[in-house]
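In my numbering, the protein residues as written are 125 to 470. Glycine included, each C-beta is placed from N, C-alpha and C at the ideal position. Values in this document were obtained by computation on a predicted structure and should not be read as measured data.
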């Protein structure tokens, strides 16, 4: 914007006119350069994300996380984006990093059934998936190392670790018992009252995508319904390709690509520091540490989720190919693509 002569001040006329012309010409030149840059980038640009203050991220206690990562189970509010929070699928981390792209006030998220996305007006729906074997192990360790709020509730029930009512066995036994002798139905109102006072590990992603109520625990889930939901989501991401997923979200939700999304530019790629919120929940073992018998039991508990994950991976590859072709930028490098393929083979 060019400057006019301030009211009440008498300026030298020649200088004032000169300044006015220089300012306007400079403004026109800037607009011309920006226009050329936009055209050269084919309406897309590699942008650096603005800084984003995440209130409470550094030192949040359990109650703060509850209000920041989830919007609860109350009536949904119309928002731009519905983000389903599947436990142990990087839910809080995605809320934070997605908020950098769109703003936290644009997102409604909760550990709810996908059906709730139809109960308010949402322009976009976002789904994150995790490799089922790793997902199951993470669920187990969350049961073994509950967060502060979970621990408080378990202590009140007298079933926390170290208390007489604590019954959680080792991982192999836990998996086998759910596979061979799972309850036929539940009468629970809270997962802390379920078997072992913990989560139901049978196809947890598909259950949350297909349930009508958060307390539903169907014994059998037909794969067609979660597949339909998978394909209806506006965009999906993968925990195993978290960085690439954030880039895909930026393109699909905001039509631009951050500067850290060129995987062939090592310095730019490594400049991105993703949120990694663990709730102080850590462990060192991996699914590969367990024998073939345990692996078979895991397969029996996740047979629907495995098909959903493989379909999700195929869609992820397709949308990455489209992104890279459109923007002429490599986001999913060949080594990472092959790693995803290798770890998804069962």
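Let me make sure I understand the geometry here. Which of the options has the alpha-carbon closest to that of residue i?
i, options, result
"residue 354", "398, 302, 431, 297", "431"
"residue 299", "260, 276, 328, 330", "260"
"residue 362", "337, 329, 384", "329"
"residue 218", "251, 441, 450", "251"
"residue 440", "452, 460, 426", "460"
"residue 380", "210, 221, 451", "451"
"residue 474", "405, 449, 337", "Lying outside 125 to 470, the shown extent of the chain, residue 474 is not represented and no answer is given."
"residue 426", "343, 449, 466", "343"
How about residue i and residue j: are their beta carbons less than 8 angstroms apart?
i, j, result
"residue 471", "residue 360", "The requested residue 471 is not part of the displayed model; the chain covers only 125 to 470."
"residue 357", "residue 464", "no"
"residue 322", "residue 267", "yes"
"residue 332", "residue 208", "yes"
"residue 303", "residue 263", "no"
"residue 194", "residue 234", "yes"
"residue 372", "residue 447", "yes"
"residue 296", "residue 326", "no"
"residue 433", "residue 256", "yes"
"residue 278", "residue 270", "yes"
"residue 291", "residue 320", "yes"
"residue 428", "residue 345", "yes"
"residue 411", "residue 294", "no"
"residue 408", "residue 437", "no"
Please report the straight-line C-alpha distance between residue i and residue j, rounded to a whole angstrom.
i, j, result
"residue 456", "residue 444", "7 angstroms"
"residue 229", "residue 203", "8 angstroms"
"residue 391", "residue 232", "34 angstroms"
"residue 417", "residue 341", "25 angstroms"
"residue 199", "residue 376", "27 angstroms"
"residue 424", "residue 383", "42 angstroms"
"residue 205", "residue 247", "6 angstroms"
"residue 454", "residue 385", "8 angstroms"
"residue 462", "residue 214", "22 angstroms"
"residue 335", "residue 458", "37 angstroms"
"residue 216", "residue 192", "8 angstroms"
"residue 224", "residue 396", "12 angstroms"
"residue 285", "residue 301", "19 angstroms"
"residue 442", "residue 210", "23 angstroms"
"residue 348", "residue 435", "11 angstroms"
"residue 400", "residue 221", "10 angstroms"
"residue 378", "residue 324", "36 angstroms"
"residue 337", "residue 368", "32 angstroms"
"residue 180", "residue 265", "Because residue 180 carries a pLDDT of 40, less than 50, the predicted location of this residue cannot be relied on, and the following value inherits that uncertainty. Straight-line Cα distance between these residues: approximately 25 angstroms."
"residue 352", "residue 239", "12 angstroms"
"residue 466", "residue 281", "43 angstroms"
"residue 249", "residue 350", "14 angstroms"
"residue 449", "residue 273", "46 angstroms"
"residue 374", "residue 394", "17 angstroms"
"residue 201", "residue 420", "42 angstroms"
Any idea which residues DSSP pairs residue i with across the strands?
i, result
"residue 361", "252"
"residue 232", "206"
"residue 246", "203"
Any heavy atom of the ligand GTP closer than 7 angstroms to the Cβ of residue i?
i, result
"residue 437", "Looking for the ligand GTP in the displayed structure turns up nothing, as the structure carries no ligands at all."
Chain E beta carbons: is any one of them nearer than 8 angstroms to that of residue i?
i, result
"residue 275", "Any reference to chain E falls outside this structure, which holds one protein chain only."
Item to check | Stretch pair the stretch 379-396 + the stretch 239-258: three plus CB contacts closer than 8 angstroms | outcome: By the Cβ test, the stretch 379-396 is not in contact with the stretch 239-258, since fewer than three Cβ pairs between them sit closer than 8 angstroms.
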